[in-house]
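Number of protein chains: 4
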Amino acid sequence: MPKDTFYNLAEEKRMKIYGAALDEFSNHPFKQASVNRIVKNAGIAKGSFYQYFKDKKDLYKYLIDEIYKKKITYLTPTMKNPFDMNFFDLLRDIYASGLKFAKDNPQLAKIGYHMLRDSGQEVFNEVIDEKKGEGIQIYKQILELGIKRGDIRSDINLDMSAYFLFQLGNSLSNDFIEFFDTGEEKQVFNLVEGMIEMLKSGIGKK
Amino acid sequence: MPKDTFYNLAEEKRMKIYGAALDEFSNHPFKQASVNRIVKNAGIAKGSFYQYFKDKKDLYKYLIDEIYKKKITYLTPTMKNPFDMNFFDLLRDIYASGLKFAKDNPQLAKIGYHMLRDSGQEVFNEVIDEKKGEGIQIYKQILELGIKRGDIRSDINLDMSAYFLFQLGNSLSNDFIEFFDTGEEKQVFNLVEGMIEMLKSGIGKK
Amino acid sequence: MPKDTFYNLAEEKRMKIYGAALDEFSNHPFKQASVNRIVKNAGIAKGSFYQYFKDKKDLYKYLIDEIYKKKITYLTPTMKNPFDMNFFDLLRDIYASGLKFAKDNPQLAKIGYHMLRDSGQEVFNEVIDEKKGEGIQIYKQILELGIKRGDIRSDINLDMSAYFLFQLGNSLSNDFIEFFDTGEEKQVFNLVEGMIEMLKSGIGKK
Amino acid sequence: MPKDTFYNLAEEKRMKIYGAALDEFSNHPFKQASVNRIVKNAGIAKGSFYQYFKDKKDLYKYLIDEIYKKKITYLTPTMKNPFDMNFFDLLRDIYASGLKFAKDNPQLAKIGYHMLRDSGQEVFNEVIDEKKGEGIQIYKQILELGIKRGDIRSDINLDMSAYFLFQLGNSLSNDFIEFFDTGEEKQVFNLVEGMIEMLKSGIGKK
DNA sequence: GATGAATGAGTGTTCATTCAT
DNA sequence: TATGAATGAACACTCATTCAT
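Protein sequences, first through last, are from chains A, B, C and D.
By the count of the numbering used here, the first sequence reaches residue 573 at its end, each step adding exactly one.
By the count of the numbering used here, the second sequence reaches residue 573 at its end, each step adding exactly one.
By the count of the numbering used here, the third sequence reaches residue 573 at its end, each step adding exactly one.
By the count of the numbering used here, the fourth sequence reaches residue 573 at its end, each step adding exactly one.
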């Protein structure tokens with residue numbers, strides 16, 4: 368929730384700030400991220416920063432939201448008609464989307480990575496836990512859908528399964544991203560494939 | 368590697384410092400952990416801290432080592448005769464051990480959690496990456512063992528699989544720890560059970 | 368190389384800081400000089416200091432540069448046409464200029480004094496040794512000029528002679544400064560006179 | 368003036384402490400010299416240090432005294448019958464002795480070097496200025512002797528000349544020591560020779 | 001006589017935020 | 001609206017010295 372002053376900024380300037388912020392928060396967890404560095408790299412005055420954003424957290428929330436929105440665009444195609452698809456196909460698509468997102472937007476992905484790790488730390492749950500909760504919620508919904516469709520067993524622990532799928536997805540996007548650089552990208556997608564197969568036999572209805 | 372002065376301290380005082388350190392590092396990643404807070408909570412003078420430890424990192428390494436040693440004690444029973452056991456049984460035991468460790472030593476587990484997330488960050492790889500590497504290595508070894516025993520398919524990507532099992536184990540210990548508090552402990556162990564089953568059908572030899 | 372923020376300061380404030388810095392560095396070698404004392408004496412906040420200067424060394428370099436620049440102004444009149452003058456007259460002028468500089472700017476001179484002594488000490492050669500080297504170089508050049516002009520013998524060890532003249536000049540400015548306070552100023556200039564005469568018979572061409 | 372406890376120490380231990388102290392004070396001016404490092408390198412307990420010496424300054428005074436005593440041994444042969452020698456021969460011997468001392472005892476010489484530079488600094492005049500004064504006094508005495516003998520003009524400023532000779536001698540020992548390492552040792556002695564000749568024509572009686 | 005644990009003021013530096021212009 | 005100077009608390013770490021054992 369930046370102030371209007373931020374949105375009224377010239378496109379170019381706004382993007383410069385945005386870029387500097389991405390740079391900073393993708394390389395540092397929230398607490399370590401430095402407003403000083405951001406304003407320096409953005410080429411704006413210190414005071415200006417606080418005219419655009421209430422404080423560091425305000426900017427951070429904004430970025431998280433942007434990540435969220437962008438990530439959604441990767442998901443929507445497959446999520447459009449979730450009821451048409453087999454649960455496991457849907458899940459595969461979601462994971463693949465996450466991987467693709469991380470590959471296309473490594474900085475945003477890194478921020479997400481830091482975000483999840485910052486979660487649970489004293490100061491800072493508000494923003495994070497909300498997003499984290501939403502993420503888990505999505506998995507819960509498609510799990511319920513899957514049960515209704517008869518794709519998966521109905522005796523699973525919904526909360527824990529949702530949490531598990533959420534963590535698994537994040538781990539895929541965040542932890543395996545380094546395998547992309549080593550050219551083993553295809554293998555990561557194979558891993559997803561394997562995972563889905565495993566899940567199918569694990570929670571899938573026989 | 369604290370200095371002798373630390374080990375020579377009266378049991379009570381040493382434990383007070385140890386406790387304050389656990390408190391700090393279990394609630395903050397390394398960079399954010401504050402020596403100031405530690406000494407305040409431990410009730411010792413600032414200068415004293417530096418008579419016990421070379422620096423912040425020294426204390427940290429010490430804690431990591433303690434974690435490592437303690438965690439090993441949870442593992443050793445099952446690792447004693449790794450060749451006698453089916454790979455999946457072994458893996459189940461390892462994961463269960465990790466969970467038990469996390470349950471018994473939530474603070475240590477949390478430090479381990481932060482540690483893994485600090486990995487890859489600029490300043491601080493030395494200690495961490497070594498431990499992380501060792502962890503992954505262990506999984507690689509038991510995977511190789513499993514292949515030799517004929518428990519698992521021989522066409523898997525060893526590195527990535529080891530990495531995956533490592534991450535999975537950590538995720539179980541760290542991320543699912545919160546389910547312990549809500550009394551759903553048994554379900555977490557069930558989750559492990561389910562995971563093993565899934566893996567069996569995923570990478571197990573038919 | 369202070370930051371712009373420093374130069375933008377109100378004259379009065381800037382001079383207060385400048386004065387406090389002079390005070391500190393003229394009474395302490397670099398390592399012992401205390402930023403704390405400077406800010407206290409300048410009446411500014413600790414944080415402000417670091418808005419004006421990158422760090423302690425930055426301020427120091429600035430002072431050294433100021434000294435250098437100011438000292439040059441004392442020298443230039445005589446150095447304008449160095450080829451027109453007899454070597455010994457030139458040298459006398461240089462030494463006299465140095466003395467006059469030290470008399471007019473005792474604090475700056477003291478800083479220079481400390482600087483030369485800090486030279487060769489572990490941490491800090493960059494700035495100092497550069498200036499020191501330049502100083503020696505100048506003497507070397509005028510020595511060469513003197514030889515060309517036929518004022519001095521050509522069989523002298525250039526490097527050592529330059530070094531000697533450099534040290535001699537510094538000693539005059541720094542060590543004899545205390546005689547100024549006791550009103551024996553004229554005698555110091557006499558000393559220079561005597562020195563020149565001695566040198567003439569020492570390295571002058573018969 | 369170390370305490371008796373120091374002198375009662377076993378030769379070997381005492382020398383170990385002495386050596387560590389030399390090491391420290393030859394590499395750092397007084398303020399920067401670290402008692403911590405000394406006790407560590409000497410292999411003694413922190414508390415022991417303060418049982419041997421009242422404080423850091425106490426040890427320092429002791430070292431200065433030792434330097435002084437040792438330096439005297441280099442001088443005495445030539446100073447035995449000062450009245451038998453021409454002033455300039457005496458001076459040459461004194462300077463040569465100083466150089467030899469510096470060459471044989473580079474650490475001690477370095478401490479002397481630091482000492483002279485520390486002189487004039489707030490905290491610390493007591494010890495230093497005393498020794499410095501004594502040094503100058505010696506030159507004054509031989510100057511007076513030289514006048515009586517008729518070797519030098521009687522109209523010179525005694526104080527300033529003594530000071531000058533003192534500084535010159537120190538400069539030779541301290542500043543030109545680096546030329547020793549580069550094998551230009553002989554040239555330094557030549558420099559002394561040249562200096563004496565110059566002085567002769569400067570203050571010598573025609 | 002020897003020890004080494006304890007101390008607290010000191011070091012330089014970074015920080016997010018405020019506010020007058 | 002934009003600026004950037006001002007701030008003081010926080011940071012990790014070092015120090016010479018004391019003192020109980």
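All C-beta atoms, glycine included, are put in the ideal place defined by N, C-alpha and C.
Remember, predicted model here, so these are calculated numbers, not experimental data.
In this structure, the CA atom of D/Q554 is about 29 Å from the CA atom of D/P396.
Rounded to whole angstroms, the separation of the alpha carbons of D/R484 and A/I495 is 60 Å.
Each of C/V402, C/D425, C/K424 was checked against the Cα of C/G414, and the nearest Cα belongs to C/V402. Straight across, the Cα-Cα distance linking A/R404 with A/E391 is about 7 Å. Per DSSP, D/Q534 is one residue of the alpha helix (DSSP H) stretching across 525-542. As the crow flies, the alpha-carbon of C/I478 is around 8 Å from that of C/L389. B/L389 carries a helical assignment under DSSP once its states are collapsed to helix, strand and coil.
One finds Y530, F531, Q534 in chain C with Cβ atoms closer than 9 Å to the Cβ of D/D542, taken in chain order.
Listed along the chain, the chain B residues whose CB falls inside 7 Å of the CB of A/F546 are M527. Under the Cβ distance rule, C/P473 does not count among the residues neighbouring chain D, no pair being separated by less than 8 Å. Under the Cβ distance rule, A/S538 counts among the residues neighbouring chain B, one pair being separated by less than 8 Å. The DSSP-derived three-state label of A/L430 is helix. Excluding sequence positions up to five before and after B/K498, its CB lies within less than 8 Å of the CB of I431, Y435, M482, all in the same chain and listed in chain order. In the DSSP assignment, A/N408 falls within the alpha helix (DSSP H) that extends over 402-409. Against chain D, the beta carbon of C/R484 has neighbours under 7 Å at R484, listed in chain order.
Rounded to whole angstroms, A/Q534 and B/L466 show a C-alpha spacing of 16 Å. For the C-beta of C/Q554, the chain D residues within less than 7 Å are, from N- to C-terminus, N524, M527. Within 10 angstroms of the beta-carbon of D/D456 lie fewer than 16 other beta-carbons, which makes it exposed. For a Cβ distance threshold of 9 Å, residue set P396, K398, Q399, Q488 of chain A lies close to B/Q399, ordered along the chain. In the DSSP annotation of this structure, D/Q399 is not part of any alpha helix (DSSP H), being labelled neither H nor E. For A/L566, a Cβ of chain B is located within less than 8 Å of the residue's own Cβ. Per DSSP, reduced to three states, the secondary structure at A/M452 is coil, with no helix or strand assignment.
Chain-ordered listing is empty here: chain B has no CB closer than 8 Å to the CB of A/L458, the nearest sitting near 13 Å. Shown here, B/K421 sits in coil according to DSSP, grouped into three states, outside any helix or strand.
Remark: three or more beta-carbon pairs, one from each stretch, lie closer than 8 Å, so the segment 506-520 of chain C and the segment 440-458 of chain C are flagged as touching. Proximity of C/L558 to chain D, defined by a Cβ-Cβ separation below 8 Å, is satisfied.
Around the beta carbon of A/G536, 16 or more other beta carbons lie within 10 angstroms, which makes this residue buried. DSSP places C/T549 outside any alpha helix (DSSP H), giving it a letter other than H or E.
C/M446 sits in a helix when the DSSP states are folded into three classes. Pairing A/L442 with A/I411 gives a Cβ-Cβ distance that is not under 8 Å. With respect to the 8 Å criterion, C/V406 and C/F416 are classified as neighbours on the basis of their beta carbons. CA-CA distance, A/N472 to C/R381, rounds to 47 Å. Under the DSSP assignment, B/K477 falls in the alpha helix (DSSP H) whose first and last residues are 473-485.
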